[in-house]
Amino acid sequence: MNFFSIFGIFLLLTIGLGINSAHAQVDPIYDIIFFQTGELETEENKFSISSDFSIREFFNGDIIRVSGQTIEGFPYITYSKINNDKTDTFGKIFIDGKFVKLIFNEVDNNEETLPEQKNDDLSILVKYSQRVYSNQDILIQIKTFDPEINTKNDFTQNYGLIPNTNIQVDIVDDGITIFTENGKSDETGLYETQFKVPVDKISTYIMTVKSSDDNSESSKILQIIHAGADPTDK
Numbered sequence: 229m230n231f232f233s234i235f236g237i238f239l240l241l242t243i244g245l246g247i248n249s250a251h252a253q254v255d256p257i258y259d260i261i262f263f264q265t266g267e268l269e270t271e272e273n274k275f276s277i278s279s280d281f282s283i284r285e286f287f288n289g290d291i292i293r294v295s296g297q298t299i300e301g302f303p304y305i306t307y308s309k310i311n312n313d314k315t316d317t318f319g320k321i322f323i324d325g326k327f328v329k330l331i332f333n334e335v336d337n338n339e340e341t342l343p344e345q346k347n348d349d350l351s352i353l354v355k356y357s358q359r360v361y362s363n364q365d366i367l368i369q370i371k372t373f374d375p376e377i378n379t380k381n382d383f384t385q386n387y388g389l390i391p392n393t394n395i396q397v398d399i400v401d402d403g404i405t406i407f408t409e410n411g412k413s414d415e416t417g418l419y420e421t422q423f424k425v426p427v428d429k430i431s432t433y434i435m436t437v438k439s440s441d442d443n444s445e446s447s448k449i450l451q452i453i454h455a456g457a458d459p460t461d462k
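The number in our numbering is simply the position in the sequence shown, starting from 1, with 228 added.
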């Protein structure tokens, strides 16, 4: 995309360096935080890094660019400036037709200005149909786990679930909310709902699932591909 070039040039000019490129070395990427955690974050959501990414090195390894796609299907690009004592990373992710700033857990001197927040330590797993057709009734199943117990993000795992969490589901099409529902998971930690796919143009919906209890609040963002009329309906 043209944005990738513009964004990269902007960051490089901001840092005040000239342009030169080469293939990335392996070692410096371990100083980049999201390679250590396996996750990318915005202000509202977390995304899992997939194996679908590429790395480029600039200025003899002082700048490393990583571009790729998350497991949830969202493209992203980051630039990291490698220093002897710290690594500064900047980036954006493309969601619902726009670029959203990524947040990296670097040390911040302005920590006292951050509002008090609930812990973001719930693991939300969702089972649903990613490719849907008009007039279909789609079952959406949501489970909330303790991430320290369900370390492999296994939806079928029958232990480590957190019961009675508050669940919110929102489905958006081109900025317009077409489905929203609030409820509570049951005693087993499961929440189920159904979404009837409208008769509409081919589109990509964005589904946001939020789960919370008294101490924690987490969210997950996913894609639903509306492929138009069901080809079997003839």
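Just so it is clear, CB atoms sit at the ideal spot from N, CA and C, and this is done for glycine as well.
The Cβ neighbour count for E285, taken over all protein chains shown within 10 Å, is at least 16; the residue is labelled buried. When the five nearest sequence neighbours on each side are left out, the beta carbons in the same chain lying within less than 7 Å of the beta carbon of L353 are those of K371, F373, N381, F383, in order along the chain. Counting C-beta pairs closer than 8 Å gives three or more between the segment 416-434 and the segment 386-398, which meets the contact rule.
Annotation: the continuous alpha helix (DSSP H) that includes T265 extends over 261-265.
Rounded to the nearest whole angstrom, the C-alpha separation of S444 and D461 is 44 Å.
Shortest Cα-Cα distance from D365 to any of D316, T405, Q422, Q358 involves Q422. The beta carbons of I434 and G456 sit no closer together than 7 Å.
With a cutoff of 7 Å on beta-carbon distance, S362 and V425 are scored as near each other. Contact between I449 and T432 is ruled out by a C-beta separation of about 12 Å, above the 8 Å threshold.
The beta-bridge partner set that DSSP reports for G411 consists of I395. Closest option to L330, judged by alpha-carbon separation, among S413, G266, T270, N394: T270.
Here V354 is bridged, per DSSP, to I370.
Excluding residues up to 5 positions away in sequence, Q396 lie with their Cβ nearer than 6 Å to the Cβ of N410 in the same chain. Assigned with DSSP and collapsed to three states, F287 falls in helix. E300 counts as buried, since at least 16 other C-beta atoms from the protein chains shown sit within 10 angstroms of its C-beta. Non-local beta-carbon contacts of F407 in its own chain, meaning distances under 8 Å to residues more than five positions away in sequence, involve V397, D398, I399, F423 in chain order. For P426, the secondary structure class from DSSP, reduced to helix, strand or coil, is coil.
When beta bridges are read from the DSSP output, L418 appears opposite K371. A check of alpha carbon separations from N347 across D441, P459, Q451, D458 identifies D441 as the nearest. Non-local beta-carbon contacts of K412 in its own chain, meaning distances under 8 Å to residues more than five positions away in sequence, involve N392, T393, N394, I395, Y419 in chain order. Counting the other Cβ atoms within 10 Å of the Cβ of I291 gives 16 or more, which makes it buried.
In the same chain as Q451, and ignoring 5 residues on each side of it, the C-beta atoms closer than 8 Å to its own belong to E300, G301, F302, Q358, T432, Y433, I434, M435, in chain order.
In this structure, DSSP gives S362 a state outside helix and strand, which the three-state scheme calls coil.
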